[in-house]
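Visitor: The structure is given below, and queries will be raised subsequently.
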Amino acid sequence: TYLLLFAKGRRQCTLHPISHFVSTDGVGKNMQQFIHALAAHTVPTCHQQALLDTQWRRAMQDEMDALVQRGTWELVDPPPRCDIVGSKWVFTVKYNSDGSLERYKARLVAKGYTQTYGVDFFETFSPVARLGTIRLIISVAIHHDWHMYQLDVKNAFLYGDLDETVYMQQPPRFERQGECGKVCKLKKAIYGLKQSPRAWFHKFPEVVSQCGFVRSPLDHSLFIKKASRGITVLVVYVDIILTGDFDQEISDAKLFLQKHFVTKDLGPLRYFLGIEVARNREGVVLSQRKYVLDLLQDTGMLGAKPANLPMNPRIHLHDDQTELVDSRSYRSLIGKLLYVTVTRPDISFAVKKLSQFMEKPRKVHWDAALMVVKYLKSSPGKGLLFTKGKTLEVAAYSDADYAGSVEDRKSTTGFCVFVGGNLISWRSKKQGVVSRSSAESEYRAMAQTAAEMTWARSMLSSLSVSITLPMKMYCDNQAATHIANNPVFHERAKHIEVDCHYIRDLVQAGTIATVHVPSEDQAADIFTKALPIGDFSRCCDKLSMLNMYAPA
């Protein structure tokens, strides 16, 4: 006889449950309801899954009714020797401003990747709002106590006129009975076509200009209306963000948009582009809590042990000869991490470094990317804190890691720009040329930082915000600051590119003042290299990052 013994073991993933690292106790009841709603609904990935649920079937039918009502296409026989663009369904869930479910949303899109240039599309460029612009406007709105609202334009791309002749397959599962062999000759710029965003952004400025909005030359997705009663600011991305210093002007703008487009007033700004906008006593926090949790789920890291750093400072990544990994999976993961940097500047350097190995990623690079994911698990709800400062002054930190790249000895530029004490822009970027000294690499970084500061000042000026000059740029390299302030350093600077001397003109004009700062107070250090835990935590504090979802 044999005796079988079974012992109940503990799964490894339960050692580090995600509930130990994220909580909603620190936010208000409405925000808690909204967060729970985000997690409560599963979005289908294909129309076969959606058809199993009554609510998703209804959403698909609503989309079809809207497309037919707008005269999006006409059914015709497929022309001979003509490319037919495919079509597919995509799905999402929309929420009200109080966190309750608004509706299940189904979208029919064209498979634009099958289009041919010169045949069914030509020009495709369309402006996209800079996220730095959005962060700057949020900082200004908080400083002036402006209300921020969000609007959704239903089937926005269908308002764009289609100039090219495009044929598309009939929607899956909605082929017209008796006419299955026919195709859709498109009349409107349906989602998915390469030229659809351009058609929409050609139409939108024409409409809002009738209401007095003027497109900003600094960001073509930003529209500003200046009237005797005040200023109104409109940013269009996927949704529309409205803010300003006079609520009646905002209400008038909403009514105008409703007359020309089918819009949905989503109420106060709460969730856009996967970014959660939460408010607490300290201010407003921008985070991607749900996006990070979904990333942990997709990578199988929900039960992993969290890391306390995004990158090990003792490991210098380079293109070694270890085992290759699937480049498609690697690129997908890096792409997702790049989007997380929208509210997580603390991982910017790590993701920038990992993105250099897209072509032939090795196992060591994959492991390093997973370390970033594990670091995100330690604080999924961490984000940028925006507070109301005393002034809206522009300040920046500029730094460079001299010859930090093992492969080519190029340096890394790092900078961060603050408006009203709130972080609105940052960068971690490898320099294009090899510097001959640390002063030279720092000087190049200062020139890039100066350009970003000038942009921020111009943006504030377009919003009727005046600032006190000079703007302060903090740098920890005295030689670089001397080069910027003293044009007689010919031997050190004569070979540096002419455009880098842009910083000199700004200093001499009194627009920017360079200020020496000790290295331990250099906030931009986090963008130039992997740091040990002490220095890393110090930099995060200087960037005004807050984890308002941390368990009590």
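All residue numbers for the sequence shown refer to this note's numbering, where the first residue is 292 and numbers rise by one.
Don't be surprised by glycine CBs; every beta carbon is placed ideally from N, CA and C.
1) Alpha carbon to alpha carbon, what distance is there between V376 and T415?
2) Could you pull out every unbroken alpha helix (DSSP H) segment of at least 4 residues lying fully inside the region 512-551, listed in chain order?
3) Determine the extent of the alpha helix (DSSP H) in which P496 is found, giving its start and end residues.
4) Tell me the residue span of the alpha helix (DSSP H) that contains G825.
5) Quick one: grab the DSSP three-state call for D796.
6) Suppose contacts are defined by Cβ-Cβ distances below 8 angstroms. Is R700 in contact with V725 by that definition?
7) In three-state DSSP terms, what is W437?
8) Give me the DSSP bridge partner(s) of D450.
9) Between P508 and V419, what straight-line distance do the alpha-carbon atoms span, to the nearest angstrom?
10) Please classify V431 as buried or exposed, where buried requires at least 16 other C-beta atoms within 10 Å of its C-beta.
11) Rounded to the nearest angstrom, how far is the Cβ of L577 from that of L675, given a contact under 8 angstroms?
12) Can the beta-carbon of I541 be found less than 8 angstroms from the beta-carbon of Y440?
13) Helix, strand or coil: which one does DSSP assign to C502?
14) Three-state secondary structure (DSSP) at F640?
15) Determine which residues share a DSSP beta bridge with V400 and list them.
16) Which residue from Y528, I531, H511 and G503 puts its Cα closest to that of R520?
17) In whole angstroms, what is the alpha-carbon distance linking V527 and Y666?
18) Take A770 and list the residues in its own chain whose beta-carbon comes closer than 8 angstroms to its own, dropping the five residues that flank it on each side.
19) In angstroms, rounded to a whole number, what distance separates the CA positions of R748 and A775?
20) So, is C831 buried or exposed, given that buried needs 16 or more other C-beta atoms within 10 angstroms?
21) For V710, decide whether its Cβ has a neighbour in chain C, counting only Cβ atoms nearer than 8 angstroms.
22) Can you have a look at E608 and say buried or exposed, based on whether 16 or more other CB atoms are within 10 angstroms of its CB?
23) Since I believe K476 is in contact with E393 (beta carbons under 8 angstroms), could you give me their beta-carbon distance rounded to a whole number of angstroms?
24) Look up V384 in the DSSP assignment and give the residues it is bridged to.
25) Run the CB neighbour count on I606, radius 10 Å, all protein chains shown included, and call it buried at 16 or more, exposed below.
26) Quick test of your reading: A821 and K833, contact by CB under 8 angstroms. State the CB separation rounded to the nearest angstrom.
27) Around the Cβ of Y408, are there at least 16 other Cβ atoms within 10 angstroms (buried) or fewer (exposed)?
28) Report yes or no: do three or more beta-carbon pairs, one from the region 369-384 and one from the region 458-467, lie closer than 8 angstroms?
29) Tell me the rounded alpha-carbon separation between D411 and K479.
30) Near R348, which residues of its chain fall below 8 angstroms by C-beta distance, leaving aside the five closest residues on each side in sequence?
31) Which first and last residues belong to the beta strand (DSSP E) in which H773 is found?
32) Give every residue of the same chain whose Cβ lies closer than 6 angstroms to the Cβ of M602, excluding the five residues on either side of it in the sequence, and list them in chain order.
33) What do you get for C766, buried or exposed, if any count of 16 or more other CB atoms within 10 angstroms of its CB means buried?
34) Can you say whether I824 is buried or exposed, counting buried as having 16 or more other CB atoms within 10 angstroms of its CB?
35) Would you identify the three-state DSSP class for S716, choosing helix, strand or coil?
Guide: Looking at the atomic coordinates:
1) Here residue 415 is taken as the residue at index 124 of the sequence shown, counted from 1. Here residue 376 is taken as the residue at index 85 of the sequence shown, counted from 1. If you take the alpha carbons of T415 and V376, they lie about 17 angstroms apart.
2) 538-551
3) Your numbering for residue 496 matches position 205 in the sequence shown. Here the alpha helix (DSSP H) through P496 covers S487 to V499.
4) Taking the first residue of the sequence shown as position 1, residue 825 is located at position 534. I824 to K833 is the extent of the alpha helix (DSSP H) around G825.
5) Translated into the one-based positions of the sequence shown, residue 796 becomes position 505. Helix at D796.
6) In the sequence shown, residue 700 corresponds to position 409, counting from 1. In the sequence shown, residue 725 corresponds to position 434, counting from 1. Cβ distance < 8 angstroms, so R700 and V725 count as in contact.
7) Stepping through the sequence shown from its first residue, residue 437 is reached at position 146. Reduced to three states, the DSSP call for W437 is coil.
8) Numbered from 1 along the sequence shown, position 159 holds the residue referred to as residue 450. Looking at the sequence shown, residue 450 is not Asp but Tyr. Answer is none; Y450 lacks a bridge partner.
9) Your numbering for residue 508 matches position 217 in the sequence shown. Your numbering for residue 419 matches position 128 in the sequence shown. P508 and V419: Cα-Cα distance of roughly 13 angstroms.
10) Your numbering for residue 431 matches position 140 in the sequence shown. Result: buried.
11) Residue numbering aside, residue 577 sits at position 286 when the sequence shown is read from its first letter. Residue numbering aside, residue 675 sits at position 384 when the sequence shown is read from its first letter. Confirmed, about 5 angstroms.
12) The count along the sequence shown starts at 1 and reaches residue 541 at position 250. The count along the sequence shown starts at 1 and reaches residue 440 at position 149. Yes; because the gap between Cβ atoms is below 8 angstroms, this pair is in contact.
13) To locate residue 502, count along the sequence shown from 1; it is residue 211. Residue state, collapsed to three classes: helix.
14) Indexing the sequence shown from 1 puts residue 640 at position 349. Looking at F640 - three-state DSSP - the assignment turns out to be helix.
15) The count along the sequence shown starts at 1 and reaches residue 400 at position 109. In DSSP, V400 forms a bridge with K379.
16) In the sequence shown, the residue the question calls residue 520 occupies position 229. Considering only alpha carbons, the answer is G503.
17) Looking up residue 527 in the sequence shown gives position 236. Looking up residue 666 in the sequence shown gives position 375. Each residue's alpha carbon lies about 33 angstroms from the other.
18) Your numbering for residue 770 matches position 479 in the sequence shown. Same-chain partners within the cutoff: S728, S729, A730, E733 and R783.
19) Along the sequence shown, one-based indexing puts residue 748 at 457. Along the sequence shown, one-based indexing puts residue 775 at 484. Looking at the two C-alpha atoms, the distance is approximately 20 angstroms.
20) Here residue 831 corresponds to residue number 540 of the sequence shown, with the count starting at 1. Buried, because 16 or more other Cβ atoms sit within 10 Å of the Cβ of C831.
21) No chain C is part of this structure, which consists of one protein chain only.
22) Counting from one through the sequence shown, the residue named residue 608 turns up at place 317. The displayed chain sequence assigns Leu, not Glu, to residue 608. It is buried - the Cβ of L608 has at least 16 other Cβ atoms within 10 Å.
23) Working through the sequence shown from its first residue, we reach residue 393 at position 102. Working through the sequence shown from its first residue, we reach residue 476 at position 185. With 8 angstroms as the limit, E393 and K476 do not qualify as a contact, their Cβ atoms being about 33 angstroms apart.
24) Position 93 of the sequence shown, counting from 1, holds the residue named residue 384. Answer by DSSP bridge pairing, in chain order: Y395.
25) For this step, residue 606 is matched to residue 315 along the sequence shown. Exposed, because fewer than 16 other Cβ atoms sit within 10 Å of the Cβ of I606.
26) For this step, residue 821 is matched to residue 530 along the sequence shown. For this step, residue 833 is matched to residue 542 along the sequence shown. That pair is no contact at about 17 angstroms.
27) As a working note, residue 408 is residue 117 in the sequence shown. By the neighbour-count rule (16 or more Cβ atoms within 10 Å), Y408 is not buried but exposed.
28) yes
29) Residue numbering aside, residue 411 sits at position 120 when the sequence shown is read from its first letter. Residue numbering aside, residue 479 sits at position 188 when the sequence shown is read from its first letter. Looking at the two C-alpha atoms, the distance is approximately 13 angstroms.
30) Locating residue 348 in the sequence shown gives position 57, counting from the first residue. Here the set comprises A341 and L342.
31) Position 482 of the sequence shown, counting from 1, holds the residue named residue 773. Where H773 is concerned, there is no enclosing beta strand (DSSP E), although the alpha helix (DSSP H) it sits in stretches over Q769 to N776.
32) Taking the first residue of the sequence shown as position 1, residue 602 is located at position 311. A641 and A821.
33) On the sequence shown, residue 766 is found 475 positions in, with the first residue counted as 1. So C766 ends up on the buried side.
34) As a first step, residue 824 is located in the sequence shown; it is residue number 533 there, counting from the start. It counts as exposed.
35) Translated into positions along the sequence shown, residue 716 becomes position 425. The answer is strand: DSSP assigns S716 an E or B state.
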